[in-house]
Amino acid sequence: MNRAARRSTVASYWMFALLGTATLTVVALGWVVARDFRQSAAAANQLYDRFGDGLDLIDDVLFETEEVRRILLYALHTSDANRQLDYVDQSRSAEARVRGLLENRSPILSTARTRAARDSVSTAWMAYLQTRDEVVGLILEGSLSEGVALDEALGTERFNRVRDAIAELKSSFEADAAAQVDAERERSRRSIARLSLIVVSALLLVAIGVYLVNRRASLEVGLRVKTEFLTTMSHELRTPLTGVIGIADLLHTAQMPPDQRELIRMLRTNATTLLGLINNVLDYSRIDAGLMALVPKQFPVQAPVEEALDSVSELAARKGLALGYVIAPGVPDVLADEDRVRQVLLNLLSNAVKYTDTGQVSLHVAAAPQRDNAVAVRMTVRDTGVGIPEALQARLFQWFSHIEPPGGRRVSGTGLGLAISDRLSRLLGGSMAVESRTGEGATFTFVFRAIVATPNWHDVNDGDSLRAVRVLALLGSGIVGEQVRSLLQRWGVETAAHSGDPRDTNFDAVILEADACGEPWYDSLVERRSVWEQRGVPVIIVTKLRPAASVATGQLDRLVTTPIRMQALHEALYAAIRRSPAAIERVAEATPAFDGRPIAVLLVEDNESNRRVVSMMLGELGLHADEAAGGYEAIDRAAGRAYDVILMDVQMPDLDGLDATRRIRAQERGRRATIVALTANVFESDEARCRAAGMDAYLQKPLTLDTLSAALSEATASTR
Amino acid sequence: MGPPRRALVVLLLVAAPLAWAEPSMQTPSLSLAIIVHPSNPVDNLTFSELRRIFMLDTQTWPQGRKITVVLREKGQPERAEAIRMICGLTEGDYDKHILFRTFQGSVNIGPRSIQSAAAMQRFVYSAPGAIGSVAADQLETTVKVLRIDGVLPGDPRYPLRRPSRGPADERP
Numbered sequence: 001m002n003r004a005a006r007r008s009t010v011a012s013y014w015m016f017a018l019l020g021t022a023t024l025t026v027v028a029l030g031w032v033v034a035r036d037f038r039q040s041a042a043a044a045n046q047l048y049d050r051f052g053d054g055l056d057l058i059d060d061v062l063f064e065t066e067e068v069r070r071i072l073l074y075a076l077h078t079s080d081a082n083r084q085l086d087y088v089d090q091s092r093s094a095e096a097r098v099r100g101l102l103e104n105r106s107p108i109l110s111t112a113r114t115r116a117a118r119d120s121v122s123t124a125w126m127a128y129l130q131t132r133d134e135v136v137g138l139i140l141e142g143s144l145s146e147g148v149a150l151d152e153a154l155g156t157e158r159f160n161r162v163r164d165a166i167a168e169l170k171s172s173f174e175a176d177a178a179a180q181v182d183a184e185r186e187r188s189r190r191s192i193a194r195l196s197l198i199v200v201s202a203l204l205l206v207a208i209g210v211y212l213v214n215r216r217a218s219l220e221v222g223l224r225v226k227t228e229f230l231t232t233m234s235h236e237l238r239t240p241l242t243g244v245i246g247i248a249d250l251l252h253t254a255q256m257p258p259d260q261r262e263l264i265r266m267l268r269t270n271a272t273t274l275l276g277l278i279n280n281v282l283d284y285s286r287i288d289a290g291l292m293a294l295v296p297k298q299f300p301v302q303a304p305v306e307e308a309l310d311s312v313s314e315l316a317a318r319k320g321l322a323l324g325y326v327i328a329p330g331v332p333d334v335l336a337d338e339d340r341v342r343q344v345l346l347n348l349l350s351n352a353v354k355y356t357d358t359g360q361v362s363l364h365v366a367a368a369p370q371r372d373n374a375v376a377v378r379m380t381v382r383d384t385g386v387g388i389p390e391a392l393q394a395r396l397f398q399w400f401s402h403i404e405p406p407g408g409r410r411v412s413g414t415g416l417g418l419a420i421s422d423r424l425s426r427l428l429g430g431s432m433a434v435e436s437r438t439g440e441g442a443t444f445t446f447v448f449r450a451i452v453a454t455p456n457w458h459d460v461n462d463g464d465s466l467r468a469v470r471v472l473a474l475l476g477s478g479i480v481g482e483q484v485r486s487l488l489q490r491w492g493v494e495t496a497a498h499s500g501d502p503r504d505t506n507f508d509a510v511i512l513e514a515d516a517c518g519e520p521w522y523d524s525l526v527e528r529r530s531v532w533e534q535r536g537v538p539v540i541i542v543t544k545l546r547p548a549a550s551v552a553t554g555q556l557d558r559l560v561t562t563p564i565r566m567q568a569l570h571e572a573l574y575a576a577i578r579r580s581p582a583a584i585e586r587v588a589e590a591t592p593a594f595d596g597r598p599i600a601v602l603l604v605e606d607n608e609s610n611r612r613v614v615s616m617m618l619g620e621l622g623l624h625a626d627e628a629a630g631g632y633e634a635i636d637r638a639a640g641r642a643y644d645v646i647l648m649d650v651q652m653p654d655l656d657g658l659d660a661t662r663r664i665r666a667q668e669r670g671r672r673a674t675i676v677a678l679t680a681n682v683f684e685s686d687e688a689r690c691r692a693a694g695m696d697a698y699l700q701k702p703l704t705l706d707t708l709s710a711a712l713s714e715a716t717a718s719t720r
Numbered sequence: 721m722g723p724p725r726r727a728l729v730v731l732l733l734v735a736a737p738l739a740w741a742e743p744s745m746q747t748p749s750l751s752l753a754i755i756v757h758p759s760n761p762v763d764n765l766t767f768s769e770l771r772r773i774f775m776l777d778t779q780t781w782p783q784g785r786k787i788t789v790v791l792r793e794k795g796q797p798e799r800a801e802a803i804r805m806i807c808g809l810t811e812g813d814y815d816k817h818i819l820f821r822t823f824q825g826s827v828n829i830g831p832r833s834i835q836s837a838a839a840m841q842r843f844v845y846s847a848p849g850a851i852g853s854v855a856a857d858q859l860e861t862t863v864k865v866l867r868i869d870g871v872l873p874g875d876p877r878y879p880l881r882r883p884s885r886g887p888a889d890e891r892p
């Protein structure tokens, strides 16, 4: 899947998230609007009820006021005091009902206008009642004619005012009710509009959702098709190219005229370049599609380093560049994707060689411990090439960004290598960085995260011991000399200084860097070569991968080509000193061996195969060890027997070696066992922790017979 | 036992049940309250003034409003009682007196007749110039009670009172 498609996929996920959020919002809004709509409908119903109640109330007021007056008129038409009094009572009852109606403070007549109209009715009514009471008095006192006269003169007029006030109240109420109905109608209209909008929005969201689902499905289909295409193309392109390269290799060895041989060489070079290009394009596609998977495995760090250096050695030799590496002490074997580490290194080294015309390309490896048994491995590739302008450095790790070196010289490239390396370094949990100035070379730093591996104890270590061997190292100040010096230091080889006297042969071998011809001592010492040869001192020549014209290779003991492989230099040196009995004796003395006397040994190791190998090693030394598969078992065994030596694995699942040691020390009575830590951890802090827990010695895996023998010898030295 | 002692024994035998009788069985005195409209400024009448009003000799209140005398209906004992206590006449004599005054033309409207004490008080409450009478124990607060000779019903000096014949003597 290309970047655009991936962006589309990411965008579709975002869109789904937004769609979900929008849907929830619409549902929430819909709920709110539906609630408003329900409230509006309920308010409308309530309004209509109140409207009806209000009209009923006003009609009741009108009816009762008329009743008050009508009954009074009845009283005017009888002279019976009791009947007159009955009518008066009925009139007063109606009056009480009117009073109750007018004093009704319910929300029915709650607006300012209706309240004012009601107050007008009350005022008019009170005025009429005053007249009514006077008329009543006249009636009851028997003055009917005066009562009639008063009623006609004043009562009628005042009662008409009451009627007018009630009519005004009614019209005010109707006007208010109409206004409220209009407001409620408007609210309902708004609710309907909102509801319609929400329905439309919901439909729109559904449509978008359907579109996105279809779009995502089509993208997934596209991704699958592209993946299948890449897989097929990878196979189909690489297979014939591999064949072409193989045939070119075969032809290269055949007898043919030089011009044809050159054509074959060019054919192979082009085919190899094409294969590299295809690999880069496929890697780019895999990374871009997120299909690049890591395959971790355990490996020593120098393995991918040496292989990557080998791959660029031919071009470096053609250009006369020095090539080498230095691994700092304490860098452990690691668990990571070795192929990807090698790929990144190869890319960085080939770039460095490509852009460097003179000088050297070096690789330094260091490690920094991290939490959870992890380590950050830092690989620094430094060259003495043309450098990279600062302005262009930001583009270095972009896809298809190819940078031409200053000076107009063209360098081939697709612009994929560094981008792939950058992505791979991040995939490996690390980073990629560059430091450079124009004309001062470049330094690329590649960091990846790895787990510290527990090497199998039967893995081959650096080989046979070279401890105490004396070597005259005539090395340059470049990376090759630095590498040789670091290796000699690692193996415990003593580097002898030359006194300047040609007869001085107080060393077991000479290592001569043939390419250090610029050094001031070079010529004189090379001339003394014959003296060393006459005295039987072996000379190891370290040189670039090209015919060493300056030295007579046939008379040399060993030729080690650069980039130096650690194993090759070790073997050359060991082979050289084997001819020197004095050296062999010194090595044997420097490597104390166990004398085979019977001692009680407890081997604590949770890994069964490792336990068996170490047990066999102990058998080689004439010892039979008790075995414990874990920390608790070790404590039990130590409690039951007094051991001379306990070989304690540090990392164990049930109880680690540190805790087990503390408990064994706590329960010890009398003789104190020598506890030797066996661990793959290589940092000084690890050794300090072991000693703090009560351990006496510290053996680093992988374990060899020599180191085991030496450790046992040292452990029992105090008991001899 | 001589005759004086025999007479004493008879007297004791007759008087003992009376002495042991329940207090509630004793007949309280009945006062007749004179009532007017609450707005009537008159608070006190002499017994003589009262009699003149009921005899229709006085027909206007001091402020000039016509006086309307209200009595219970004919045949009701309260009417006769009131006429007797106020006017000192029997009901028949009173009626004749009214008829005579009407015939003389000195009276336009005679006393109004009302069928109950409650109606009496409602009438007086509704007619500002009315004056009526009602047993003091049936008084309501809607009307104004006049002092007669300066005293109100319940006072021993109140002139319109007599021993009651019992609680059931009043018709509703």
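Going line by line, the protein sequences match chains A and B.
Quick note: the first sequence uses this note's numbering, first residue 1, plus one each step.
Quick note: the second sequence uses this note's numbering, first residue 721, plus one each step.
Where a beta carbon is used, it is the ideal one built from N, C-alpha and C, also for glycine.
All values derive from a computational prediction rather than experimental measurement.
For residue 823 of chain B, no Cβ of chain A is located within less than 9 Å of the residue's own Cβ.
Minimum Cα-Cα distance from residue 364 of chain A among the listed residues A:356, A:378, A:239 corresponds to A:378. Using a Cβ-Cβ cut-off of 8 Å, residue 140 of chain A is close to 788, 832, 843, 846, 847, 850 of chain B, given in chain order. Taking the C-beta atoms as reference points, residue 367 of chain A is found nearer than 9 Å to residue 328 of chain A. The Cβ neighbour count for residue 225 of chain A, taken over all protein chains shown within 10 Å, is under 16; the residue is labelled exposed. Residue 709 of chain A is not bridged by DSSP to any residue. A buried status is given to residue 569 of chain A, since no fewer than 16 other beta-carbon atoms sit within 10 Å of its beta-carbon. Under DSSP, residue 325 of chain A forms a beta bridge with A:363.
In the assembly as shown, residue 343 of chain A is a buried residue. Its beta-carbon has 16 or more other beta-carbons within 10 Å. Residue 351 of chain A sits in a helix when the DSSP states are folded into three classes.
For residue 85 of chain A, a Cβ of chain B is located within less than 9 Å of the residue's own Cβ.
Per the Cβ contact rule, the region 830-840 of chain B is in contact with the region 79-92 of chain A (3 or more Cβ pairs under 8 Å). The count of Cβ pairs closer than 8 Å, one atom from the region 800-807 of chain B and one from the region 762-782 of chain B, reaches three, so the stretches are in contact. Beta-bridge partners of residue 495 of chain A (DSSP): A:471. By the beta-carbon neighbour count (other beta carbons within 10 angstroms, threshold 16), residue 421 of chain A is buried.
Residues of chain A with a Cβ closer than 7 Å to the Cβ of residue 839 of chain B are, in chain order, 82, 85. Ranking A:384, A:667, A:507 by CA distance to the CA of residue 442 of chain A puts A:384 first. If only complete runs of 4 or more residues are kept, the region 818-890 of chain B shows the alpha helix (DSSP H) at 837-846, in order along the chain. In this structure residue 264 of chain A is buried. Its beta-carbon is surrounded by 16 or more other beta-carbon atoms within 10 angstroms. Neighbours of residue 136 of chain A in chain B, taken as residues whose beta carbon is under 8 Å from its own, are 846, 847 in chain order.
Taking the Cα positions, residue 431 of chain A is about 20 Å away from residue 333 of chain A. Counting C-beta pairs with one atom in each stretch, the region 15-22 of chain A and the region 206-223 of chain A have three or more that are closer than 8 Å, which means they touch. Residue 751 of chain B has B:881 as its beta-bridge partners, per DSSP. Runs of the beta strand (DSSP E) lying entirely within the region 553-582 of chain A, each at least 3 residues long, are 558-561 in chain order. Boundaries of the alpha helix (DSSP H) harbouring residue 264 of chain A: 258-289, taken from the DSSP string.
Note that the C-beta distance between residue 865 of chain B and residue 755 of chain B is below 9 Å. Per DSSP, reduced to three states, the secondary structure at residue 173 of chain A is helical.
Between residue 466 of chain A and residue 577 of chain A, the gap from beta carbon to beta carbon is short of 9 Å.
For the 9 Å CB-CB criterion, residue 44 of chain A and residue 188 of chain A form a contact. Look at residue 860 of chain B: its C-beta is not under 9 Å from any C-beta on chain A.
DSSP places residue 613 of chain A in the uninterrupted alpha helix (DSSP H) bounded by 608-620. With fewer than 16 other CB atoms across the displayed protein chains lying within 10 angstroms of its CB, residue 160 of chain A is exposed. Annotated as distal: residue 676 of chain A and residue 652 of chain A, with beta-carbon spacing of 9 Å or more. Here DSSP, grouped into helix, strand and coil, assigns residue 182 of chain A to helix. As a beta-bridge residue in DSSP terms, residue 513 of chain A pairs with A:542.
By the Cβ test, the region 125-133 of chain A is not in contact with the region 21-36 of chain A, since fewer than three Cβ pairs between them sit closer than 8 Å.
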